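Here the structure is laid out as C-alpha coordinates; the discussion comes afterwards.
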Amino acid sequence: MPGAWWLLNRSSFGLDVRAVGENPEAADAAGIRVARTRYLALMFGGALMAIGGSFFTLALLGSFTLDIIAGRGWVAIALVIFGRWRIMRVVGGALLFAAVYSLQLRLRILPGWGDVPFELLLALPYLVVIVALAISGRNVEYPGAYLKPYRRS
(Lines of atoms letter the chains of each structure in order from A and count residues from 1; the text may use other names and numbers.)
(Lines give C-alpha, C1' and ligand atoms only; values in the text may rest on other atoms or scores of the structure.)
Protein backbone atom coordinates (compact mmCIF):
# COMPACT_ATOMS: atom_id res chain seq x y z
CA MET A 1 0.00 0.00 0.00
CA PRO A 2 2.75 2.55 0.72
CA GLY A 3 4.39 1.47 -2.54
CA ALA A 4 1.20 2.11 -4.50
CA TRP A 5 0.77 5.50 -2.84
CA TRP A 6 4.35 6.44 -3.66
CA LEU A 7 4.04 5.18 -7.24
CA LEU A 8 0.90 7.20 -7.97
CA ASN A 9 1.75 10.36 -6.03
CA ARG A 10 5.53 10.75 -6.16
CA SER A 11 6.93 8.96 -9.22
CA SER A 12 6.97 10.52 -12.67
CA PHE A 13 5.05 7.54 -14.07
CA GLY A 14 2.29 7.97 -11.48
CA LEU A 15 2.04 11.67 -12.13
CA ASP A 16 1.84 10.95 -15.85
CA VAL A 17 -0.94 8.43 -15.25
CA ARG A 18 -2.87 10.90 -13.13
CA ALA A 19 -2.40 13.66 -15.70
CA VAL A 20 -3.54 11.42 -18.55
CA GLY A 21 -6.57 10.31 -16.56
CA GLU A 22 -7.59 13.83 -15.64
CA ASN A 23 -6.89 15.79 -18.81
CA PRO A 24 -5.25 13.97 -21.72
CA GLU A 25 -5.16 17.07 -23.92
CA ALA A 26 -3.11 18.99 -21.36
CA ALA A 27 -0.90 15.95 -20.77
CA ASP A 28 -0.30 15.66 -24.51
CA ALA A 29 0.56 19.36 -24.68
CA ALA A 30 3.05 18.80 -21.83
CA GLY A 31 4.80 16.11 -23.88
CA ILE A 32 3.35 13.01 -22.24
CA ARG A 33 2.59 10.19 -24.67
CA VAL A 34 -1.05 9.57 -23.77
CA ALA A 35 -1.63 6.24 -25.55
CA ARG A 36 1.67 4.80 -24.28
CA THR A 37 0.94 5.87 -20.71
CA ARG A 38 -2.58 4.43 -20.81
CA TYR A 39 -1.35 1.11 -22.21
CA LEU A 40 1.44 0.87 -19.64
CA ALA A 41 -0.99 1.60 -16.79
CA LEU A 42 -3.39 -0.99 -18.18
CA MET A 43 -0.65 -3.63 -18.48
CA PHE A 44 0.64 -2.87 -14.98
CA GLY A 45 -2.87 -3.12 -13.53
CA GLY A 46 -3.50 -6.39 -15.40
CA ALA A 47 -0.23 -7.82 -14.11
CA LEU A 48 -1.15 -6.88 -10.54
CA MET A 49 -4.57 -8.51 -10.96
CA ALA A 50 -2.93 -11.69 -12.27
CA ILE A 51 -0.50 -11.77 -9.35
CA GLY A 52 -3.35 -11.18 -6.91
CA GLY A 53 -5.49 -13.89 -8.45
CA SER A 54 -2.68 -16.43 -8.47
CA PHE A 55 -1.74 -15.58 -4.89
CA PHE A 56 -5.37 -15.94 -3.82
CA THR A 57 -5.64 -19.32 -5.52
CA LEU A 58 -2.37 -20.66 -4.13
CA ALA A 59 -2.80 -19.21 -0.63
CA LEU A 60 -6.36 -20.47 -0.18
CA LEU A 61 -6.26 -23.97 -1.65
CA GLY A 62 -2.84 -24.60 -3.10
CA SER A 63 -4.33 -25.51 -6.46
CA PHE A 64 -6.52 -24.05 -9.18
CA THR A 65 -10.25 -24.17 -8.60
CA LEU A 66 -12.88 -22.79 -10.96
CA ASP A 67 -14.77 -19.68 -9.72
CA ILE A 68 -12.61 -19.27 -6.61
CA ILE A 69 -12.67 -15.46 -6.84
CA ALA A 70 -16.48 -15.42 -6.43
CA GLY A 71 -17.15 -11.84 -7.49
CA ARG A 72 -14.33 -10.19 -5.58
CA GLY A 73 -13.12 -8.48 -8.75
CA TRP A 74 -16.36 -6.51 -8.85
CA VAL A 75 -15.83 -5.68 -5.19
CA ALA A 76 -12.43 -4.26 -6.12
CA ILE A 77 -14.03 -1.98 -8.70
CA ALA A 78 -16.68 -0.92 -6.18
CA LEU A 79 -13.92 -0.19 -3.65
CA VAL A 80 -12.18 2.16 -6.08
CA ILE A 81 -15.43 4.07 -6.56
CA PHE A 82 -16.10 3.95 -2.79
CA GLY A 83 -12.59 5.27 -2.16
CA ARG A 84 -13.04 8.07 -4.69
CA TRP A 85 -9.73 7.19 -6.34
CA ARG A 86 -7.79 7.81 -3.09
CA ILE A 87 -5.55 4.96 -1.99
CA MET A 88 -6.11 5.32 1.76
CA ARG A 89 -9.89 5.32 1.35
CA VAL A 90 -9.71 2.24 -0.90
CA VAL A 91 -7.60 0.45 1.73
CA GLY A 92 -10.15 1.42 4.39
CA GLY A 93 -12.97 0.01 2.26
CA ALA A 94 -11.00 -3.18 1.67
CA LEU A 95 -10.44 -3.54 5.41
CA LEU A 96 -14.19 -3.05 5.97
CA PHE A 97 -14.95 -5.80 3.43
CA ALA A 98 -12.38 -8.09 5.06
CA ALA A 99 -13.81 -7.42 8.52
CA VAL A 100 -17.36 -8.22 7.41
CA TYR A 101 -16.13 -11.30 5.56
CA SER A 102 -14.40 -12.50 8.72
CA LEU A 103 -17.48 -11.67 10.77
CA GLN A 104 -19.71 -13.82 8.57
CA LEU A 105 -17.27 -16.72 8.97
CA ARG A 106 -17.42 -16.32 12.76
CA LEU A 107 -21.21 -15.97 12.83
CA ARG A 108 -21.60 -19.34 11.13
CA ILE A 109 -19.96 -21.15 14.03
CA LEU A 110 -21.55 -19.19 16.86
CA PRO A 111 -24.54 -20.74 18.62
CA GLY A 112 -27.85 -19.01 17.99
CA TRP A 113 -27.11 -18.21 14.36
CA GLY A 114 -28.35 -21.58 13.12
CA ASP A 115 -31.72 -20.10 12.13
CA VAL A 116 -30.12 -17.59 9.77
CA PRO A 117 -29.88 -18.99 6.25
CA PHE A 118 -26.36 -19.93 5.25
CA GLU A 119 -26.68 -18.06 1.96
CA LEU A 120 -27.56 -14.81 3.76
CA LEU A 121 -24.37 -15.02 5.79
CA LEU A 122 -22.39 -15.68 2.60
CA ALA A 123 -23.96 -12.62 0.97
CA LEU A 124 -23.38 -10.35 3.98
CA PRO A 125 -20.00 -8.89 2.85
CA TYR A 126 -21.36 -8.18 -0.62
CA LEU A 127 -24.49 -6.55 0.81
CA VAL A 128 -22.31 -4.31 2.97
CA VAL A 129 -20.31 -3.31 -0.12
CA ILE A 130 -23.50 -2.47 -2.02
CA VAL A 131 -24.85 -0.39 0.88
CA ALA A 132 -21.52 1.40 1.38
CA LEU A 133 -21.29 2.13 -2.34
CA ALA A 134 -24.88 3.38 -2.45
CA ILE A 135 -24.27 5.71 0.49
CA SER A 136 -20.85 7.03 -0.49
CA GLY A 137 -21.22 6.70 -4.26
CA ARG A 138 -23.44 9.72 -4.62
CA ASN A 139 -21.83 12.72 -6.23
CA VAL A 140 -18.56 10.89 -6.83
CA GLU A 141 -16.24 12.93 -9.00
CA TYR A 142 -14.76 10.69 -11.64
CA PRO A 143 -11.44 11.54 -13.28
CA GLY A 144 -11.94 14.04 -16.07
CA ALA A 145 -11.17 11.63 -18.92
CA TYR A 146 -12.82 8.58 -17.37
CA LEU A 147 -13.98 6.20 -20.15
CA LYS A 148 -13.28 8.81 -22.82
CA PRO A 149 -11.09 7.85 -25.75
CA TYR A 150 -8.40 10.30 -26.71
CA ARG A 151 -7.34 10.90 -30.28
CA ARG A 152 -4.50 13.24 -30.92
CA SER A 153 -5.54 15.99 -33.28
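Counting along the sequence shown from 1, when you hit position 92 you're at 91 in numbering that gives the first Met the number 0, and nothing is skipped either side. Yeah, the Cβ is synthetic: ideal placement off N, Cα and C, and Gly gets one too. Here the structure is a predicted model, which is why all the values come from computation and not from measurement.
Whether residue i touches residue j by CB criterion (7 Å)
i: Val19; j: Ala25; result: no
i: Tyr149; j: Pro1; result: no
i: Val16; j: Ala46; result: no
i: Pro110; j: Glu21; result: no
i: Ile76; j: Ala3; result: no
i: Gln103; j: Leu123; result: yes
Of the listed residues the options, nearest to residue i (C-alpha basis)
i: Ile108; options: Leu120, Gly45 and Ala98; result: Leu120
i: Ala29; options: Leu14, Leu41 and Asp66; result: Leu14
i: Leu146; options: Arg37, Ser11 and Arg9; result: Arg37
i: Leu6; options: Val115, Phe43 and Gly51; result: Phe43
i: Ile31; options: Gly70, Gly52, Ala69 and Ser11; result: Ser11
Coil, strand or helix - residue i by DSSP
i: Gly13; result: helix
i: Pro1; result: helix
i: Asn8; result: helix
i: Pro142; result: coil
i: Ser152; result: coil
Give the list of continuous alpha helix (DSSP H) stretches no shorter than 4 residues that lie fully inside the stretch 63 to 118. Listed in chain order, the complete alpha helix (DSSP H) runs (minimum 4 residues) inside the stretch 63 to 118 are 71 to 81 and 86 to 108.
Any contact between the stretch 121 to 138 and the stretch 73 to 81? By contact I mean 3 or more CB pairs, one from each, below 8 Å. Contact between the stretch 121 to 138 and the stretch 73 to 81 is present, because at least three Cβ pairs lie under 8 Å.
4 or more residues per run - each alpha helix (DSSP H) lying fully within the stretch 20 to 65: Listed in chain order, they are 23 to 28 and 33 to 59.
Are three or more beta carbon pairs between the stretch 90 to 97 and the stretch 124 to 132 nearer than 8 Å? Output reads yes: the stretch 124 to 132 touches the stretch 90 to 97.
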